[in-house]
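Shown next, in C-alpha cells, is the structure this report addresses.
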Amino acid sequence: MRRVGQYAALVAYVAFLAFPLLWLLSTALKTPQEMALTEPTWIPREPTLANFGDAFGEQDLIGAALRSLVVALFASVITVLISLPAAYAMARHRGLVNKLAIGWVLVSQVFPFILIIIPLFMILRDLDLINTLPGLVVVHVTFTLPFALWMLQGYVRAVPRELEEAAAVDGASRLRSIASVVAPLLAPGVVATLLFAFISSWNEFMFALVVLQNPDVMTLPLTLVRFTGPEGVARLGPLAAASLMATIPSLIFFAIIQRRLKSGLMAGAVKG
Amino acid sequence: MRITSALAAAAVLTLAAACGGGGGGSESAPSSNEPVKINFLSLAWQKESVAANKQLVDEWNKANPTIQVTYVQGSWDNVNDQLVTQFAGGTAPDVIHNDSPALSGFAADGYLLDLKDKLPAELKSDIPQPAWDTVTFSDGKGGQGVYGVPFLQESQVIIANKKLLDEAEVRVPTADEPWTWDEFSEAAKKMTKGGSFGVAWAMKSPVNKTLNLALNFGGTFFQTGADGKTTVKVGPEEREVLQRIHDQLYKDKSADPDALGQGTADPLPAFYKGKFAMLPAGVYLRQQVVEQAPDGFEWVTLPAPKGTSAQQGAVSQTLSIAQESEHPGEAMKFISFFLNGANQAKLAKGDWLLPTSQQAAADPAMTTEENGWDVATASAKNLVVAPFLKVNGFDEWKSKVATPALQEYFANKITIDQVATKLVEDGNKVLERYQR
Numbered sequence: 143m144r145r146v147g148q149y150a151a152l153v154a155y156v157a158f159l160a161f162p163l164l165w166l167l168s169t170a171l172k173t174p175q176e177m178a179l180t181e182p183t184w185i186p187r188e189p190t191l192a193n194f195g196d197a198f199g200e201q202d203l204i205g206a207a208l209r210s211l212v213v214a215l216f217a218s219v220i221t222v223l224i225s226l227p228a229a230y231a232m233a234r235h236r237g238l239v240n241k242l243a244i245g246w247v248l249v250s251q252v253f254p255f256i257l258i259i260i261p262l263f264m265i266l267r268d269l270d271l272i273n274t275l276p277g278l279v280v281v282h283v284t285f286t287l288p289f290a291l292w293m294l295q296g297y298v299r300a301v302p303r304e305l306e307e308a309a310a311v312d313g314a315s316r317l318r319s320i321a322s323v324v325a326p327l328l329a330p331g332v333v334a335t336l337l338f339a340f341i342s343s344w345n346e347f348m349f350a351l352v353v354l355q356n357p358d359v360m361t362l363p364l365t366l367v368r369f370t371g372p373e374g375v376a377r378l379g380p381l382a383a384a385s386l387m388a389t390i391p392s393l394i395f396f397a398i399i400q401r402r403l404k405s406g407l408m409a410g411a412v413k414g
Numbered sequence: 158m159r160i161t162s163a164l165a166a167a168a169v170l171t172l173a174a175a176c177g178g179g180g181g182g183s184e185s186a187p188s189s190n191e192p193v194k195i196n197f198l199s200l201a202w203q204k205e206s207v208a209a210n211k212q213l214v215d216e217w218n219k220a221n222p223t224i225q226v227t228y229v230q231g232s233w234d235n236v237n238d239q240l241v242t243q244f245a246g247g248t249a250p251d252v253i254h255n256d257s258p259a260l261s262g263f264a265a266d267g268y269l270l271d272l273k274d275k276l277p278a279e280l281k282s283d284i285p286q287p288a289w290d291t292v293t294f295s296d297g298k299g300g301q302g303v304y305g306v307p308f309l310q311e312s313q314v315i316i317a318n319k320k321l322l323d324e325a326e327v328r329v330p331t332a333d334e335p336w337t338w339d340e341f342s343e344a345a346k347k348m349t350k351g352g353s354f355g356v357a358w359a360m361k362s363p364v365n366k367t368l369n370l371a372l373n374f375g376g377t378f379f380q381t382g383a384d385g386k387t388t389v390k391v392g393p394e395e396r397e398v399l400q401r402i403h404d405q406l407y408k409d410k411s412a413d414p415d416a417l418g419q420g421t422a423d424p425l426p427a428f429y430k431g432k433f434a435m436l437p438a439g440v441y442l443r444q445q446v447v448e449q450a451p452d453g454f455e456w457v458t459l460p461a462p463k464g465t466s467a468q469q470g471a472v473s474q475t476l477s478i479a480q481e482s483e484h485p486g487e488a489m490k491f492i493s494f495f496l497n498g499a500n501q502a503k504l505a506k507g508d509w510l511l512p513t514s515q516q517a518a519a520d521p522a523m524t525t526e527e528n529g530w531d532v533a534t535a536s537a538k539n540l541v542v543a544p545f546l547k548v549n550g551f552d553e554w555k556s557k558v559a560t561p562a563l564q565e566y567f568a569n570k571i572t573i574d575q576v577a578t579k580l581v582e583d584g585n586k587v588l589e590r591y592q593r
C-alpha cells in the first residue's frame with residue numbers, strides 16, 4: 143500500500159513537471175477556434191497538424207535549432223574549460239584578493255544589460271565578429287562565465303583539501319592529485335555547470351538579437367519570436383508547434399549528459 | 158568585468174580556430190560589378206503580412222539585379238533595444254520598419270536620415286499631410302525633418318456581437334453617423350442583462366487607447382507654453398473619456414470588470430461566449446476574430462464613438478533610412494516601390510491595418526463590407542497627429558507615470574482628481590529632465 147502511495151506521489155510530481163510540455167503539445171495540435179475557448183481542453187477535439195505546417199513552412203526551424211545547438215555546445219564547453227582552472231585557484235588559494243575576486247564576480251552579474259551590450263557589441267564589431275556564430279559564442283561565454291566560475295569554486299571547496307594532502311603524502315604530484323582525486327569528485331559540479339551554461343546559451347535572446355542580423359545565422363529564440371506581435375499578441379498555434387520542436391535538441395542533450403551527472407556522483411561517493 | 162573581458166578575448170582565439178567563419182560575416186565593399194546590398198528590417202509578424210513583405214522583396218530583387226534587398230525579420234517587443242545598440246555600433250539596417258513614436262528620439266540623436274528632400278513626388282502626394290505630420294520631428298538644430306514614410310495606421314473601432322446588438326434594438330452606428338459617447342453608454346447599458354455586460358475595456362496597457370480617444374473631446378494631455386516647454390495638462394477635456402469609461406465600470410456597471418486587467422486580445426474568448434457585447438479595440442484585432450471566432454458567430458465592426466468630434470490620435474508604422482546607410486538613394490528607391498499604392502493595399506490587408514496611401518485606401522479590398530473593412534477604412538479620416546508623438550520624454554511618462562496611474566484609476570483605487578494630480582505632477586518631473 144505504501145508503495146502504491148509512493149508511485150502515486152511520483153506520478154503526480156512528474157505530471158506537475160510535465161505540465162508545460164504537455165500543454166505545449168496540446169496547444170500545438172489545436173485549431174485557432176479551440177484555442178479561444180473559455181474552458182480550455184486538454185485533448186484537442188479536432189487535432190490538426192496545420193500549426194506545425196505553418197511553423198515549418200514559414201521559418202527555418204531546423205536550421206535555427208542546429209545553429210542554437212552549435213552555439214550552446216561551444217559556449218558551455220568553453221565556459222567550463224575557462225572557469226575550471228580559475229575556480230580551482232580561487233577555491234584553493236584563500237586570501238583577501240580571492241575574496242575580493244569572488245565578490246567582483248558576483249557584482250558583475252548585477253550590471254544592467256544595456257550597460258554591457260553596447261561596449262561588447264563594439265568590441266565584436268572591431269573583431270569582425272558581428273553576424274557570426276563565433277561572435278555569439280564569445281558573448282554567451284562572457285555572459286555565463288562569472289556565474290559558472292562562482293558555481294565551480296563552490297564545488298571545488300566542497301572537495302576536502304585533506305584528500306589532496308593525502309595524495310601528496312602518497313607521492314602524487316599536484317597535477318596527478320588534481321587529475322586522479324579532485325577531478326572525479328568534481329564531475330557532478332562540472333556537469334551541473336555545463337548544463338547551466340548550455341541552458342543560458344540555448345535560451346538567450348537579446349544578445350543574439352543584437353549580434354545576429356543576417357537571417358542565415360539566426361538562432362532559435364530569434365526564430366520563435368517571429369510568431370509574436372505587438373502588445374503581447376501572438377500566433378499561439380505556430381508558436382506552440384515551433385516551441386515544442388525547439389525543446390527536442392535540449393531534451394536529447396539533457397538525456398545524454400544526465401548519465402554523466404549520475405556517474406560523476408557515484409565516482410565522488412567511491413572516492414569519498 | 159575585466160576578468161570576463163580578458164577571458165572573452167581568449168575565447169575569441171579558441172573560437173576562431175574551432176568554429177571557422179561561422180556565418181555571414183561583414184560585407185566587404187562591393188566592386189563595380191557587384192550589386193548594392195541593402196538590409197531591410199521588417200516587423201511584419203502575421204502570416205499574410207510576412208508573406209506580402211517577402212513577396213514584395215522578391216519582386217524588387219528580380220526587377221532590380223543591381224540593388225539587392227535582404228529581408229531581416231525583427232520583433233516589435235525588442236526593436237528599439239536592438240536599434241539603440243546597432244545605431245551605437247554603426248551596424249544598423251539600411252531600411253528600418255518601426256512606429257512613429259519611436260522615431261522622435263532616434264531623429265533627435267541623429268540616427269535617422271531626414272527624408273524631406275529625398276521623397277519622390279508621387280509617394281509624397283499619395284500620402285496625406287496628416288500622416289506626414291506623424292513622422293515630422295525636430296532635427297535637433299532648430300529645423301524640422303521627415304524621418305520616415307508613414308504607411309500603416311491604426312484606429313480604434315468597436316467589435317460587436319451582432320446578435321446581442323440586434324436584441325438590444327439600439328441604433329446601429331455607421332461611419333457617417335457614429336454613436337455619441339452618450340449613445341454608446343446607453344447602448345452598453347441596454348446590452349447589460351442576464352449576466353452579460355455591454356462592453357469590455359481591456360486596460361492592461363491603457364495609455365494609448367485613452368489618449369487617442371481623449372481627442373474626441375479635445376483632450377491633448379500635453380501643452381507647450383510660449384517658452385517652448387511642454388507640460389502635462391489634465392483639464393475637463395482630458396478627464397471626459399477617463400470619467401466615461403470609469404462610469405461604465407462602476408456607475409452603470411455596464412462594463413465587464415474581468416476584462417480590466419487584460420491585454421487587447423485576452424477578452425476574445427469571453428466575447429465569443431457572449432459574456433459581453435462590445436469590445437473597443439484597434440482595427441487589427443479583426444484578424445484574430447476572423448481566425449478564432451466559432452462557426453456561426455456573427456460580429457460587426459462599429460465606428461468608435463464621437464464626442465465634440467470623432468478625432469482620434471494617429472500613430473503610423475513607418476519605414477526609415479539609417480543615417481549611416483551607405484546606400485540611401487537605393488534605399489529610398491526600394492521604399493518608394495515597397496510603399497506604392499498597390500503594394501500598400503497588400504501590406505494593409507496582411508496586417509489588418511489602414512493604409513496611408515490614398516490609392517491603396519481606394520482599393521476594393523479596403524472598402525468591402527466583409528470583415529468590417531469599410532468601417533475601418535472610413536475611420537482613417539478621423540485620424541490626426543497624436544499630440545504625445547511630439548513630446549520628448551513621452552515614453553518614460555507613459556511607462557513610469559501614466560500606465561500605473563491610469564491602472565489605479567480604472568481599478569477604482571484612486572479618484573479622478575488623484576489620477577490627474579499624478580499625471581501632471583509626477584509627469585512634469587519626468588518631462589523636466591528632457592527639456593533642460
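Protein sequence lines, in the order shown, are assigned to chains A and B. Here the first sequence stands for residues 143 to 414, where the numbers follow the working numbering. Here the second sequence stands for residues 158 to 593, where the numbers follow the working numbering. Ideal Cβ placement from N, Cα and C applies to all residues, glycine included.
Environment of residue i [buried if 16+ CB atoms lie within 10 Å]
i, result
"Pro424(B)", "buried"
"Phe379(B)", "buried"
"Glu397(B)", "buried"
"Tyr149(A)", "exposed"
"Phe253(A)", "exposed"
"Glu200(A)", "buried"
"Leu280(B)", "buried"
"Val154(A)", "For the record, residue 154(A) in the displayed sequence is Ala; it is not Val. Flag for Ala154(A) reads exposed."
"Ser385(A)", "buried"
"Trp217(B)", "buried"
"Leu317(A)", "exposed"
"Pro521(B)", "exposed"
Cross-chain neighbours of residue i in chain B, by beta carbon under 7 Å
i, result
"Ile399(A)", "Near Ile399(A) there are no residues of chain B at all, since even the closest Cβ is about 20 Å away, more than 7 Å."
"Ala178(A)", "Leu425, Pro426, Tyr429 and Gln449"
"Pro174(A)", "Glu448 and Gln449"
According to DSSP, residues forming a beta bridge with residue i
i, result
"Phe197(B)", "Tyr228(B) and Val252(B)"
"Met435(B)", "Ala317(B) and Val356(B)"
"Lys350(B)", "Ser353(B)"
"Lys463(B)", "Thr337(B)"
"Val303(B)", "Thr293(B)"
"Pro512(B)", "Leu309(B)"
"Ile478(B)", "Val252(B)"
"Thr458(B)", "Ile316(B)"
"Leu167(A)", "Partner(s): none; Leu167(A) has no beta bridge."
"Gly470(B)", "Val541(B)"
"Gln380(B)", "Thr388(B)"
"Ala412(B)", "Val356(B)"
"Thr370(A)", "Ala376(A)"
Where residue i meets chain B, residues with beta-carbon distance less than 9 Å
i, result
"Glu200(A)", "Lys204, Val207 and Ala208"
"Gly374(A)", "Asp234, Lys361, Ser362, Gly420, Thr421, Ala422 and Asp423"
"Met293(A)", "What Met293(A) touches in chain B: nothing, since even the nearest Cβ is about 15 Å away."
"Gly205(A)", "By Cβ distance, chain B contributes nothing, its closest Cβ being about 12 Å from Gly205(A), past 9 Å."
Within chain A, partners of residue i - CB distance below 9 Å
i, result
"Gly246(B)", "Ile260, Phe263, Met264, Leu266, Arg267, Ile272 and Val352"
"Pro512(B)", "Those do not exist, as Pro512(B) stays about 18 Å from chain A at its closest Cβ, beyond 9 Å."
"Asp238(B)", "Phe255, Ile256, Ile259, Met348, Leu351 and Val352"
8 Å Cβ cut-off: residues of chain A touching residue i
i, result
"Val229(B)", "Gln355, Asn356 and Pro357"
"Asn196(B)", "Gln355"
8 Å Cβ cut-off: residues of chain B touching residue i
i, result
"Thr370(A)", "Trp202, Ser232, Trp233 and Asp234"
"Val367(A)", "Ser232, Asp234 and Asn235"
Examine the Cβ distances between the segment 488-500 of chain B and the segment 374-393 of chain B and report whether three or more of them are shorter than 8 Å.
-> Result no; under three Cβ-Cβ pairs closer than 8 Å.
According to a CB-to-CB cut-off of less than 7 Å, which residues of the segment 360-379 of chain B neighbour chain A?
-> Within the segment 360-379 of chain B, the residues whose Cβ lies closer than 7 Å to some Cβ of chain A are Ser362, listed in chain order.
The segment 262-295 of chain B: which residues have C-beta closer than 8 Å to a C-beta of chain A, in chain order?
-> Residues: none.
Interface positions of the segment 235-256 of chain A facing chain B (Cβ-Cβ less than 8 Å), listed along the chain = Look at the segment 235-256 of chain A: the residues with a C-beta under 8 Å from a C-beta of chain B are Ala243, Trp246, Val247, Ser250, Phe253 and Ile256.
Please name the residues in the segment 312-340 of chain A whose beta-carbon is closer than 9 Å to at least one beta-carbon of chain B, in chain order.
-> So nothing in the stretch comes that close.
The segment 404-432 of chain B: positions lying closer than 7 Å to chain A by Cβ | Legend: CB atoms of the segment 404-432 of chain B lying less than 7 Å from CB atoms of chain A belong to residues Gly420, Thr421, Ala422, Leu425, Pro426, Ala427, Tyr429 and Lys430.
Between the segment 216-235 of chain B and the segment 355-366 of chain A, do at least 3 Cβ pairs fall closer than 8 Å?
-> Flag = yes, the segment 216-235 of chain B and the segment 355-366 of chain A touch.
So does the segment 155-171 of chain A actually touch the segment 324-341 of chain A, counting three or more Cβ pairs closer than 8 Å?
-> The segment 155-171 of chain A vs the segment 324-341 of chain A: no contact.
Three or more C-beta pairs closer than 8 Å, one from the segment 213-232 of chain A and one from the segment 278-292 of chain A: is that the case here?
-> In this structure the segment 213-232 of chain A touches the segment 278-292 of chain A; the number of beta carbon pairs closer than 8 Å is three or more.
Determine contact between the segment 304-315 of chain B and the segment 248-260 of chain B, defined as no fewer than three beta-carbon pairs at a distance below 8 Å.
-> Taking 8 Å as the limit for Cβ pairs, the verdict is that the segment 248-260 of chain B does touch the segment 304-315 of chain B.
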